[in-house]
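Q:
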Amino acid sequence: MNTTNSLIASADWFPLVLSLKVAAVATLLALVAGVALGWVFARKRFPGDTVLEAVFMLPLVLPPTVIGYAILVAAGRHSPLGSWLREHFDYSIIFSWHGAVVASAVVALPLVLKSASAAFAGVDRSLEAAASTLRQSPFSVFLRVTLPLAWPGILAGTLLAFARAMGEFGASLMVAGSIPQQTQTLSMAIYDAVQAGHDELALLLVVVTSVLSVTVLVLSNRFFSLR
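In this note's numbering, the protein residues as written are 251 to 477.
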C-alpha cells in the first residue's frame with residue numbers, strides 16, 4: 251500500500267492532464283464537423299455522397315500511421331500549408347500538442363459523424379414540418395426541433411469520440427512525437443514506461459486510462475439507451 255501511495259505521489263501526471271486537454275479540444279472539433287457532415291449525409295442526396303462519406307469514415311479502418319503520414323503530407327513543414335504557416339506565423343503543428351489535437355480529431359470524427367447521421371435520420375420529419383408552419387426559419391427549426399431530438403445519439407457518439415481521442419497513439423506519435431512535458435500523452439507515457447522497464451508506473455497509467463475509458467463508455471451507453 252505504501253509503495254502504491256509512493257508511486258502515485260511521485261508519478262508525473264502531465265501526460266494525463268495533456269491527454270484530457272488534447273481529447274477535449276479534439277472532441278470539440280470533431281463534434282462541430284461531425285454534426286455538420288452528419289446532417290448533410292442524413293438529409294441530402296447528391297452524386298458521390300456515399301463515396302464522400304466513406305472517405306470521412308476511413309480513419310476507422312486505416313492504420314494510425316497512415317493517418318499520421320497523411321497529416322504530415324497535408325500540414326507538415328514542407329507542405330504548402332505548413333510552409334505558409336511557418337512563413338506568415340512562424341508556426342507548425344509538427345512536434346506540438348496541437349499536432350496531437352489534429353490527429354485525435356481526425357480519428358475521432360467518424361464516430362461523431364456516424365452517430366449524428368443516424369440520429370438525424372431518426373428524427374420525425376413531420377415535427378420539423380409542423381415547426382416550419384409556425385413561421386420558423388430552417389435554422390430555427392434545426393436548433394429548436396431537430397438538434398434536441400437528435401442530441402442523445404450525438405452525445406453518445408461524442409463520448410465515444412472523446413474516449414477514442416484519449417487513447418490515440420500512432421497518428422499522434424508521428425505528428426506530435428513523445429516529448430516529455432510537451433507532447434507526451436497518456437498512451438505515449440505508457441509505451442515509454444514499458445520500454446524503460448518501469449512496469450509499476452506503466453500499470454498505474456493503464457489503470458487510470460482504463461477507469462477513464464470505462465466511465466466514458468458507461469455514459470455513452472446511457473445516452474444511447476435514451477435514443
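For each residue, glycine too, the CB sits at the ideal point set by N, CA and C.
Touching or not, the region 422-434 and the region 379-390, by the rule of three or more beta carbon pairs under 8 Å?
A: No, they do not touch.
Q: Contact defined as beta carbons within less than 8 Å: I believe Ser437 pairs with Glu418. What is the distance between those atoms, to the nearest angstrom?
A: With 8 Å as the limit, Ser437 and Glu418 qualify as a contact, their Cβ atoms being about 7 Å apart.
Q: Using C-beta distances below 6 Å, list every residue in its chain close to Leu279, excluding the 5 sequence neighbours before and after it, in chain order.
A: Cβ neighbours of Leu279 beyond the five flanking positions: Ala355.
Q: Under three-state DSSP, which class holds Trp401?
A: DSSP places Trp401 in helix when its eight states are reduced to three.
Q: Let me check understanding here. Comparing Cα to Cα, which of Phe339, Arg295 and Pro360 lies closest to Ile317?
A: The shortest Cα separation from Ile317 among Phe339, Arg295 and Pro360 belongs to Pro360.
Q: By DSSP, does Arg385 sit in helix, in strand, or in coil?
A: The answer is coil: DSSP assigns Arg385 none of H, G, I, E or B.
Q: Between which residues of its own chain and Phe306 is the CB-CB distance below 8 Å, once the five residues before and five after are set aside?
A: Once the five neighbours on either side are set aside, the close Cβ partners of Phe306 are Leu287, Leu359, Pro360 and Leu363.
Q: Express the C-alpha separation of Ser470 and Ser463 in angstroms, rounding to a whole number.
A: Roughly 10 Å separates the two Cα atoms.
Q: What are the boundary residues of the alpha helix (DSSP H) that includes Trp263?
A: Note, Trp263: premise wrong, no alpha helix (DSSP H); not H, not E.
Q: Whose C-beta lies closer than 6 Å to the C-beta of Ala369 among residues of the same chain, with five residues either side of it excluded?
A: Result list for Ala369: Ala400, Gly403 and Ile404, in chain order.
Q: If contacts are defined as beta-carbon pairs under 8 Å, then Trp347 and Thr433 qualify, I think. What distance do you get, rounded to the angstrom?
A: At roughly 5 Å, the Cβ-Cβ gap stays under 8 Å, so Trp347 and Thr433 are in contact.
Q: Below 8 Å on the Cβ atoms is my contact criterion, and I expect Leu281 with Thr408 to pass it. Report the Cβ-Cβ distance as a whole number of Å.
A: Confirmed, Cβ separation roughly 5 Å.
Q: Is it buried or exposed, Ala380, if we count other Cβ atoms within 10 angstroms and call 16 or more buried?
A: Burial call: exposed.
Q: Given that a residue counts as buried once 16 or more other Cβ atoms are within 10 Å of its Cβ, and exposed if not, what is Leu467?
A: Counting Cβ neighbours within 10 Å, Leu467 comes out exposed, since fewer than 16 surround it.
Q: Residue range of the alpha helix (DSSP H) that Asp442 falls in?
A: Segment Leu436 to Gln445, the alpha helix (DSSP H) holding Asp442.
Q: What does a CB cutoff of less than 7 Å around Ala283 pick up in its chain, not counting 5 residues either side in sequence?
A: Same-chain partners within the cutoff: Leu359.
Q: Alpha carbon to alpha carbon, what distance is there between Thr383 and Phe264?
A: C-alpha separation (whole angstroms): 54 Å.
Q: Looking at C-alpha atoms only, which residue of Ala325, Phe339, Thr396 and Val267 is the closest neighbour of Val352?
A: Cα-wise, what sits closest to Val352 is Ala325.
Q: Any Cβ of chain B within less than 8 Å of the Cβ of Ala304?
A: This model lacks chain B altogether; it includes just one protein chain.
Q: Express the C-alpha separation of Leu322 and Glu303 in angstroms, rounding to a whole number.
A: One C-alpha to the other measures close to 22 Å.
Q: Give the secondary structure of Tyr341 by DSSP, where H, G and I count as helix, E and B as strand, and everything else as coil.
A: Note: Tyr341 maps to coil in three-state DSSP.
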